[in-house]
Amino acid sequence: MYAIVDCNSFYCSCERLFRPDLKNKPVVVLSNNDGCIIARTDEAKQAGIAMGTPYFQVKDLLKEKQVEAFSSNYPLYGEISLRVMDTLRQFIGESNVEVYSVDEAFLQLTDIPFDHLTTVAKQVRDRVEQWTGIPVSVGVGRTKVLAKVANRRAKKNKIKSGCIYVLDTVEKETAVLQETPTGDIWGIGRQYAKSCIDKWALFDANQLRGMSPLWAQKHLGGVVGLRLLQELRGIPSMEWKAPLTQKKMIGTSRMFGHSVSTLTEVKEAIATYTARAAEKLRRQSCAATHLSVYLVPRAEQAKTGHQHASGVYAKRTLPLAVSDTGTLIQAALQLVVGIFEPGQVYKKAGVQLSEIVSEDSIQTNLFGESMGENKKKLMLALDNLNVSMRNDILKFASTGTKRNWKMRQEKRSPRYTTRWEEIRVVH
Ligand SMILES: [Mg+2]
Numbered sequence: 228m229y230a231i232v233d234c235n236s237f238y239c240s241c242e243r244l245f246r247p248d249l250k251n252k253p254v255v256v257l258s259n260n261d262g263c264i265i266a267r268t269d270e271a272k273q274a275g276i277a278m279g280t281p282y283f284q285v286k287d288l289l290k291e292k293q294v295e296a297f298s299s300n301y302p303l304y305g306e307i308s309l310r311v312m313d314t315l316r317q318f319i320g321e322s323n324v325e326v327y328s329v330d331e332a333f334l335q336l337t338d339i340p341f342d343h344l345t346t347v348a349k350q351v352r353d354r355v356e357q358w359t360g361i362p363v364s365v366g367v368g369r370t371k372v373l374a375k376v377a378n379r380r381a382k383k384n385k386i387k388s389g390c391i392y393v394l395d396t397v398e399k400e401t402a403v404l405q406e407t408p409t410g411d412i413w414g415i416g417r418q419y420a421k422s423c424i425d426k427w428a429l430f431d432a433n434q435l436r437g438m439s440p441l442w443a444q445k446h447l448g449g450v451v452g453l454r455l456l457q458e459l460r461g462i463p464s465m466e467w468k469a470p471l472t473q474k475k476m477i478g479t480s481r482m483f484g485h486s487v488s489t490l491t492e493v494k495e496a497i498a499t500y501t502a503r504a505a506e507k508l509r510r511q512s513c514a515a516t517h518l519s520v521y522l523v524p525r526a527e528q529a530k531t532g533h534q535h536a537s538g539v540y541a542k543r544t545l546p547l548a549v550s551d552t553g554t555l556i557q558a559a560l561q562l563v564v565g566i567f568e569p570g571q572v573y574k575k576a577g578v579q580l581s582e583i584v585s586e587d588s589i590q591t592n593l594f595g596e597s598m599g600e601n602k603k604k605l606m607l608a609l610d611n612l613n614v615s616m617r618n619d620i621l622k623f624a625s626t627g628t629k630r631n632w633k634m635r636q637e638k639r640s641p642r643y644t645t646r647w648e649e650i651r652v653v654h
């Protein structure tokens, strides 16, 4: 059996954590630049605030309905998300958790007896709420797709369901599939949903489940459609992704907020991206031997006729696999100095780490020392700090768009969990 754990109105719930006065009050979170509504609580939904609405359009309505609006505070959401996922891992074991998105994770409930599923689902819900303060909904089913269907059902009437729904009988499964519109099945594309309805008169998931495998393969996108059908029928057909998939390549790159032409700025960017990549590397307990950096000049469309210039690139193999930011930055900066051309205007820069090995398989050689305990401790401290740096990084990339930058965070809450100076004070 599988469960999906989904945080309720995740961004809004994160905001409420530090503002208990907003409990049961309508809350919305805005996209970057305070553009539009990207998250809302049930109360905000009831107040008639639609998802995706531009902020300026509903400003008056928000005021009238006393809806609290926040700019997005990604350092906060990211850190709370880690806490939620760690709580799940501790509860059910690391290999049984597959993080699906910032606020969703699948759980594998293989060893749990059938009549215990509801109890376990409730324990998961309570544990996450107790440990992190974030309310979650749990859907349980024979497959991932069915767990998703169950979760949708749990969310429909949160008070009645207690945010839990377990598809533990055939009857329940059929009933819930019957009330799931085709377009709401997880994994079905909009186009396929439309053709299911228009061409085949398949209005709900139960009708769709009755179709033949051959039909699914032919009309629902080949293997993907077949898998979806199997999943609806209770046959697990989606891969369980190992939680610690070690990436073979780690890259960080970004378009600059404005064109960059000085070596100082380029170096700053490269150092920043290297730090990020190194952090990703350490998160999967690995080290890398191969490092490359690249710069993309601003496209000279008139001359080349191409939308994207190919960029300049430099690479280096390190004598030893490393994961500490200092060493990697040093190497990256040497490389970028070599490819930087004075007078050139750049629009993008990137760093890539490859030849990645597991930290405990690093071999020392004559030319290098392995990462000492002190460096390891330093990196651990740095990783904790890095989370709090994110906003500065963002700020760097958009130095030129000053007005936007100021607007962007007009209503941002403090970064409670990642900045000492913004920590919540209790009087
Ligand atoms: Mg959610």
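For the sequence shown, the working numbering begins at 228 and goes up steadily by one. Where a beta carbon is used, it is the ideal one built from N, C-alpha and C, also for glycine.
Spatial neighbours of residue i within its chain, please: CB distance less than 6 Å, with the 5 preceding and 5 following residues excluded, ordered by chain position.
i: residue 286; result: none
i: residue 438; result: none
i: residue 567; result: 490, 493
i: residue 642; result: 302, 303, 649
i: residue 244; result: 360
i: residue 623; result: Model confidence at residue 623 stands at a pLDDT of 29, short of 50, so the residue's coordinates are unreliable; what they give is reported in the following sentence. Cβ within range, chain order: n/a, list empty.
i: residue 231; result: 333, 366, 374, 375, 378
i: residue 556; result: 498, 501
i: residue 458; result: 370, 372, 464
i: residue 297; result: 242, 256, 638, 640
Helix, strand or coil for residue i, going by three-state DSSP, please let me know.
i: residue 483; result: strand
i: residue 394; result: coil
i: residue 652; result: coil
i: residue 388; result: helix
i: residue 366; result: strand
i: residue 655; result: Outside the modelled stretch of the chain, which goes from 228 to 654, sits residue 655, for which no answer is possible.
i: residue 490; result: helix
i: residue 247; result: helix
i: residue 237; result: helix
i: residue 379; result: helix
i: residue 303; result: helix
i: residue 401; result: helix
i: residue 568; result: coil
i: residue 678; result: This structure does not reach residue 678, given that the chain is present from 228 up to 654, and the question cannot be answered.
i: residue 453; result: helix
i: residue 274; result: coil
i: residue 466; result: coil
i: residue 415; result: coil
i: residue 605; result: helix
i: residue 638; result: coil
i: residue 447; result: coil
i: residue 426; result: helix
i: residue 361; result: coil
i: residue 460; result: coil
I'd like to confirm the pairing. Which residues does DSSP put opposite residue i in its beta bridges?
i: residue 657; result: In the structure as shown, the chain starts at 228 and stops at 654, and residue 657 therefore has no counterpart that could be examined.
i: residue 519; result: 542, 579
i: residue 643; result: Paired residue(s): none; residue 643 is not in a bridge.
i: residue 297; result: 256
i: residue 334; result: 230, 324
i: residue 281; result: 263
i: residue 585; result: 513
i: residue 431; result: 408
i: residue 573; result: 487, 524
i: residue 549; result: 515
Is the Cβ-Cβ distance between residue i and residue j less than 9 Å?
i: residue 518; j: residue 543; result: yes
i: residue 350; j: residue 229; result: no
i: residue 583; j: residue 558; result: no
i: residue 433; j: residue 407; result: yes
i: residue 253; j: residue 266; result: no
i: residue 292; j: residue 271; result: yes
i: residue 210; j: residue 461; result: Nothing about residue 210 can be read from this structure; the chain reaches only from 228 to 654.
i: residue 486; j: residue 578; result: no
i: residue 397; j: residue 380; result: no
Who are the Cβ neighbours of residue i in its own chain at under 7 Å, not counting the five residues just before and after it?
i: residue 323; result: 334, 335
i: residue 240; result: 234, 361, 362
i: residue 513; result: 473, 550, 583, 584, 585, 586
i: residue 651; result: 245, 643
i: residue 281; result: 262, 263
i: residue 539; result: 521, 522, 566
i: residue 619; result: Note that residue 619 scores 40 on pLDDT, short of 50, meaning its location in the model is unreliable; the coordinates nonetheless yield the value given after this. There are no such residues.
Excluding five sequence neighbours on each side, which residues of the same chain lie with their C-beta closer than 8 Å to the C-beta of residue i?
i: residue 488; result: 570, 571, 572, 573
i: residue 312; result: 324, 326, 332
i: residue 337; result: 228, 323
What residues come near ligand 1, if near means a beta carbon less than 7 Å from any of its heavy atoms? One residue after another in chain order, those with a Cβ under 7 Å from a heavy atom of ligand 1 are 233, 234, 235, 236, 237, 330, 331.
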